[in-house]
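Under my numbering, think of the first position of the sequence shown as 73, with each following residue one higher.
Here's the structure we're looking at; comments come further down.
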Amino acid sequence: MAEREAQRIHRPLSSDEQARLLAYQRQVSDELPDLVARDQMRKDAGEETTLSGELRRAIHASDLSLSVLAQRVGITPHLLDDFLTGERTLRSDVMDRLSAALGYELSRSR
C-alpha cells in the first residue's frame with residue numbers, strides 16, 4: 073500500500089479562529105518560562121548522585137509513560153512529576169515499589 077502525503081488546506085482564518093489562535097499563543101508565551109524552569113529543575117534533580125537521582129534517571133530511561141508508571145506504583149502522576157523535579161521526596165515504600173516497577177533490586181555490597 074502506497075503512503076499518502078498529508079494535504080494542506082490553505083484558507084483565511086475566521087475572526088473567531090484568529091482570536092483563538094492569539095489566545096493560544098498568549099497562553100503558550102505565559103506558560104513557557106515556568107516550563108523551562110521546571111525542565112531545568114528536572115535536569116538538576118536527575119543529575120544528583122543519590123538513590124533518588126538514580127531512580128529519576130531510571131524513570132527517564134524507561135519506556136513507560138509517567139501515567140502508567142505512577143499507576144503501577146500507586147501514586148498520582150503529579151506526585152511523580154514533583155519527585156522528578158526534586159520538589160517532593162517519596163516515602164521509602166513508594167521508592168521500593170518504584171524500583172521494582174523499573175526492574176531494580178536493592179542489595180548490600182559486601
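Don't be surprised by glycine CBs; every beta carbon is placed ideally from N, CA and C.
A quick note: this is a predicted structure, and the numbers were derived from the prediction, not measured.
Annotated three-state conformation of G158 is coil, per DSSP. With fewer than 16 other beta carbons inside 10 angstroms of its own, I81 counts as exposed.
Under the DSSP assignment, P105 falls in the alpha helix (DSSP H) whose first and last residues are 87 to 118. Between the alpha carbons of V100 and A173 lies a gap of roughly 34 Å. Rounded to the nearest whole angstrom, the CA to CA distance from R98 to D106 is 14 Å. Cβ contact annotation for A142 (same chain, cutoff 8 Å, sequence separation greater than five): T148, P149, L151, L152, in chain order. One thing to note: T157 has its Cβ no nearer than 8 Å to the Cβ of R129. Spatial neighbours of Y176 in its own chain (CB-CB distance under 7 Å, excluding positions within 5 residues in sequence) are listed in chain order as A130. By the neighbour-count criterion, in which 16 or more other beta carbons inside 10 Å mark a residue as buried, G146 falls on the exposed side. Fully contained in the segment 120 to 181 are the following alpha helix (DSSP H) runs of length 4 or more, in chain order: 123 to 133, 138 to 145, 149 to 156, 164 to 173. Excluding residues up to 5 positions away in sequence, A117, G118, E119 lie with their Cβ nearer than 8 Å to the Cβ of G125 in the same chain.
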